[in-house]
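Heads up: the structure comes next, in structure tokens.
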Amino acid sequence: MFSKIKTMTSTTDCSRQIAEARELIASAECIIIGAGAGLSTAAGLRYDGPEFEHRFADFIQKYGISDLYSSSFYPFQTEEEYWACWARHIDFIRFRNVAPLYQQLFELVNQKDYFVITTNVDGQFRKAGFDEDRLFEVQGDYAYLQCAKGCHDTLYDNEELVKRMVNATEDCRIPSSLVPHCPIDGEKMAVHVRCDEYFVEDESWQAASERYYQFLEYASKSRTVLLELGVGFNTPSIIRFPFERMAAAWKDMHLVRINQENTLSILDNSRTIVIRKDISEAVCRIYHSLCSERL
Numbered sequence: 004m005f006s007k008i009k010t011m012t013s014t015t016d017c018s019r020q021i022a023e024a025r026e027l028i029a030s031a032e033c034i035i036i037g038a039g040a041g042l043s044t045a046a047g048l049r050y051d052g053p054e055f056e057h058r059f060a061d062f063i064q065k066y067g068i069s070d071l072y073s074s075s076f077y078p079f080q081t082e083e084e085y086w087a088c089w090a091r092h093i094d095f096i097r098f099r100n101v102a103p104l105y106q107q108l109f110e111l112v113n114q115k116d117y118f119v120i121t122t123n124v125d126g127q128f129r130k131a132g133f134d135e136d137r138l139f140e141v142q143g144d145y146a147y148l149q150c151a152k153g154c155h156d157t158l159y160d161n162e163e164l165v166k167r168m169v170n171a172t173e174d175c176r177i178p179s180s181l182v183p184h185c186p187i188d189g190e191k192m193a194v195h196v197r198c199d200e201y202f203v204e205d206e207s208w209q210a211a212s213e214r215y216y217q218f219l220e221y222a223s224k225s226r227t228v229l230l231e232l233g234v235g236f237n238t239p240s241i242i243r244f245p246f247e248r249m250a251a252a253w254k255d256m257h258l259v260r261i262n263q264e265n266t267l268s269i270l271d272n273s274r275t276i277v278i279r280k281d282i283s284e285a286v287c288r289i290y291h292s293l294c295s296e297r298l
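Quick note: to get the working numbering, add 3 to the position in the sequence shown (first position is 1).
Rendered as structure tokens:
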């Protein structure tokens, strides 16, 4: 049965839900953040809109792409075009300053025993100061390249190469000399993003996964808040469904879901609070409320 328990439907309800979420966070021993694309969108890292249209005007005019997500699947005819678009994509999303929303989120939880699991690949948690040993980036990181066929499990930092590609782009192409090739088999390289069976789960990924599941075991015996931010139904088996099951199974665990859309739950559970509101506004209100309490 789908649940609408404690879902915000008005300004009055919003205040009540946010107050309840604040109280849970204040009293929690552990906080597990589960973050999806909606969090970065709320933070201003949009894959479409005026800033995208300005930065990608030449690609929009030449190829008719409408947003960065769809551009990831565009059938470019050459590697020079493919990497020209991807380099600008990575530079635009990954190598930019930390968004204030992520900094505020860090200050909200940094005095707690926390862990982060995210499907985002933009590196914002790292930039905001979250401990890398408390971060599991399940779907990869735009800052790295891998062999497109996963012939070995080494990842390669791409920032310097990306900057060179961006600066050398002319007519939506990079020079052939900048096209990356796998150092082992000489074949194509790919951005380290899970899109097929060749995604590399290297030693660091495996270690992060192990730390996350160890933390879950510990958190299951503690007063824990599952703070789910902007998670939809693209990959619900990673964060959304597990969070709902954990909140239903463990009596000292509560789920706080903040999302403007996709607020329904698959489990009828009174320990779930749903705030149907812009994430930046909701987090800001919870944060300032807790700060006032501390003073």
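Using N, Cα and C, we set each Cβ at its ideal position, and we do this for glycine too.
Could you pull out every residue in the same chain whose Cβ sits closer than 6 Å to the Cβ of residue i, ignoring the five residues on either side in sequence?
i: Ala90; result: Val165, Met168 and Val169
i: Ile177; result: Glu83, Trp86, Ala87, Met168 and Ala171
i: Leu138; result: Val119 and Phe128
i: Leu71; result: Tyr50 and His92
i: Val141; result: Thr122 and Ile241
i: Ile278; result: Met11, Gln20, Ile261 and Ala285
i: Arg274; result: Ala250 and His257
i: Ser223; result: Trp253
i: Ile276; result: Lys9, Gln20, Glu23, Ala24 and Val259
Which same chain residues end up closer than 7 Å to residue i when comparing Cβ atoms and leaving out the 5 residues on each side of it in sequence?
i: Ala45; result: Leu104, Gly233, Asp281, Ile282 and Ser283
i: Ser225; result: Glu32, Cys33 and Asp255
i: Ala102; result: Ala46, Gly47, Leu48 and Gln127
i: Phe133; result: Phe109 and Val119
i: Phe76; result: none
i: Asp116; result: Glu32 and Cys33
i: Val228; result: Leu27, Ile28, Ala31, Ile34, His257 and Val259
Can you tell which of the options has its C-alpha closest to the C-alpha of residue i?
i: Asn262; options: Glu135, Leu230, Cys175 and His184; result: Leu230
i: Asp144; options: Asp125, Arg176 and Asp61; result: Asp125
i: Cys154; options: Pro183, Phe202 and Phe98; result: Phe202
i: Val259; options: Tyr77, Arg176, Val286 and Phe79; result: Val286
i: Phe246; options: Ser268, Asn237 and Glu264; result: Ser268
i: Leu48; options: Arg279, Val277, Ile96 and Gln106; result: Ile96
i: Leu42; options: Gln80, Leu219 and Gln107; result: Gln107
i: Glu204; options: Glu173, Lys130 and Lys152; result: Lys152
i: Asn113; options: Ile278, Thr81, Asp156 and Ile36; result: Ile36
i: Cys175; options: Gln80, Ala22 and Ala40; result: Gln80
i: Glu206; options: Gly67, Val228, Asp156 and Glu173; result: Asp156
i: Leu219; options: Ile187, Arg248, Phe98 and Glu264; result: Arg248
i: Val196; options: Asp188, Glu163, Tyr221 and Trp208; result: Trp208
i: Asn100; options: Ala131, Ile276 and Val228; result: Ala131
i: Gly189; options: Ser74, Ile63, Cys150 and Gln64; result: Cys150
i: Arg65; options: Gln217, Thr227, Val228 and Glu173; result: Note that residue 65 is Lys in the sequence shown, not Arg. Nearest option by C-alpha distance: Glu173.
i: Gln217; options: Ser69, Gly67, Phe55 and Asp136; result: Asp136
Kindly indicate which three-state DSSP category residue i falls into: helix, strand or coil?
i: Glu163; result: helix
i: Leu232; result: strand
i: Asp255; result: coil
i: His311; result: No answer is possible for residue 311: the residues shown for the chain start at 4 and end at 298.
i: Arg243; result: helix
i: Leu158; result: coil
i: Leu148; result: strand
i: Arg260; result: strand
i: Leu48; result: coil
i: Arg176; result: strand
i: Glu204; result: coil
i: Cys198; result: coil
i: Lys115; result: coil
i: Ser292; result: helix
i: Ala102; result: coil
i: Ser268; result: strand
i: Val286; result: helix
i: Lys130; result: helix
i: Gly67; result: coil
i: Val141; result: coil
i: Ala31; result: coil
i: Val124; result: coil
i: Gly37; result: strand
In chain order, what residues of the same chain lie with their CB nearer than 8 Å to the CB of residue i, ignoring the 5 residues before and after it?
i: Ile93; result: Tyr145, Ala146, Asn161, Val165 and Val194
i: Leu111; result: Ile28, Val286, Ile289, Tyr290 and Leu293
Could you check how far apart the C-beta atoms of residue i and residue j are, in whole angstroms? I think they sit under 8 Å.
i: Lys191; j: Cys198; result: Rounded, the Cβ-Cβ distance is 13 Å, inconsistent with contact.
i: Glu83; j: Ser179; result: 6 Å
i: Thr122; j: Thr266; result: The Cβ separation is near 18 Å, so there is no contact.
i: Arg19; j: Leu293; result: Incorrect: roughly 16 Å between the Cβ atoms, too far for contact.
i: Arg183; j: Leu148; result: The sequence shown places Pro at residue 183, not Arg. Contact holds; Cβ gap of about 6 Å.
i: Gly235; j: Gly39; result: 6 Å
Are the C-beta of residue i and some C-beta of chain D separated by less than 8 Å?
i: Thr81; result: Of the chains in the structure shown, none is chain D; there is only one protein chain.
Validate contact between the segment 241-249 and the segment 198-215 using beta carbons, cut 8 Å, 3 pairs: no
Sufficient close CB pairs (3 or more, under 8 Å) joining the segment 20-30 to the segment 77-91: no
Contact between the segment 250-268 and the segment 55-70 (3+ Cβ pairs under 8 Å): no
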